[in-house]
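Trainee:
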Amino acid sequence: MQFHATLFRSVCRRLVPAILLFLIPTVEATAQGAETEWLGFTEALEKAAEEHKPLFVYVRAPWCGPCYRMETDVLPELGNRLRGFVKAKMDLSERPEPGSFADQRAFLWVRAEGLQTPPAFAVISPDGVTVVALRGFTQAGPLERTLRLAERHIASSTP
69 MQFHATLFRS VCRRLVPAIL LFLIPTVEAT AQGAETEWLG FTEALEKAAE
119 EHKPLFVYVR APWCGPCYRM ETDVLPELGN RLRGFVKAKM DLSERPEPGS
169 FADQRAFLWV RAEGLQTPPA FAVISPDGVT VVALRGFTQA GPLERTLRLA
219 ERHIASSTP
């Protein structure tokens with residue numbers, strides 16, 4: 069009986085730190101991502117126009133592996149850069165209900181911009197013009213530079 073108790077303690081001493089190392093980054097990413105308020109497309113578009121802010125649109129799907137990486141690694145890293153944007157998250161697995169204009173408008177926009185394959189991103193000016201659209205997994209550095217350039221473009225074209 070003492071052998072089993074010793075074996076159990078030995079396994080626990082090795083296993084518990086490994087489990088904690090796995091959970092700590094997840095908790096940090098969740099805490100950083102908690103600051104980001106994600107809206108639906110139509111609501112975010114209206115809010116961007118009201119507040120005269122650019123709109124950052126993130127197109128995702130639950131079955132998308134690169135989307136998971138974007139949400140756990142890249143988007144939390146962009147927290148400060150995204151603060152100047154209204155943020156919309158679109159889930160391609162959620163199909164619009166018949167008669168729901170808001171949802172249909174969002175999916176028509178996705179199709180028109182060629183963003184049907186997640187992950188995809190876009191920046192829309194406060195007046196509703198798509199400034200940039202990106203397709204595929206993107207590291208934080210290049211995505212941050214793209215956001216900065218989009219902000220400059222919007223600022224220079226706004227009277």
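Numbering follows the numbering used here, in which position 114 of the sequence shown is assigned residue number 182; successive positions increment by one, without gaps. The beta carbon of each residue, even a glycine, is placed where N, CA and C say it ideally should be.
(1) What residue range is occupied by the uninterrupted alpha helix (DSSP H) comprising Lys115?
(2) Classify Leu183: buried if its beta carbon has 16 or more other beta carbons within 10 angstroms, exposed otherwise.
(3) Report yes if the CB atom of Leu146 is closer than 7 Å to the CB atom of Ile192, and no otherwise.
(4) Could you spell out where the beta strand (DSSP E) holding Arg128 opens and where it closes?
(5) With distances taken from CA atoms, which of Glu114, Thr110, Glu119, Tyr126 is nearest Phe205?
(6) Give me the Cα-Cα distance between Asp195 and Ala116, rounded to the nearest whole angstrom.
(7) Along the alpha helix (DSSP H) that carries Arg163, what are the first and last residues, could you check?
(8) Can you tell me the Cα-Cα spacing of Gln207 and Val142, whole angstroms?
(9) Might you give, ordered along the chain, the residues of its own chain that have their beta carbon closer than 7 Å to the beta carbon of His221, omitting 5 neighbours on each side?
(10) With distance defined between alpha-carbon atoms, name the residue in Ser161, Arg173, Lys155, Trp177 nearest to Glu119.
(11) For Thr198, write down the residues that DSSP places opposite it in a beta bridge.
(12) Closer than 8 Å by C-beta to Ala129: which residues in its own chain qualify, once you throw out the five before and the five after it? Chain order, please.
(13) When burial is assigned at 16 or more other CB atoms within 10 Å of the CB, is Pro210 buried or exposed?
(14) I'd like the list of long-range same chain contacts for Trp131, defined as Cβ closer than 8 Å, with 5 residues on each side in sequence excluded.
Mentor: For this structure:
(1) 109 to 119
(2) buried
(3) no
(4) Unbroken beta strand (DSSP E) run through Arg128: 123 to 128.
(5) Tyr126
(6) Their Cα atoms are separated by approximately 8 Å.
(7) Counting along the chain, Arg163 falls outside any alpha helix (DSSP H), and DSSP gives it neither H nor E.
(8) Looking at the two C-alpha atoms, the distance is approximately 6 Å.
(9) Excluding residues within five positions, the ones whose Cβ falls inside 7 Å are Val199.
(10) Lys155
(11) Ile192
(12) Cys135, Asp159, Leu160, Ser161, Pro186
(13) exposed
(14) Ser161
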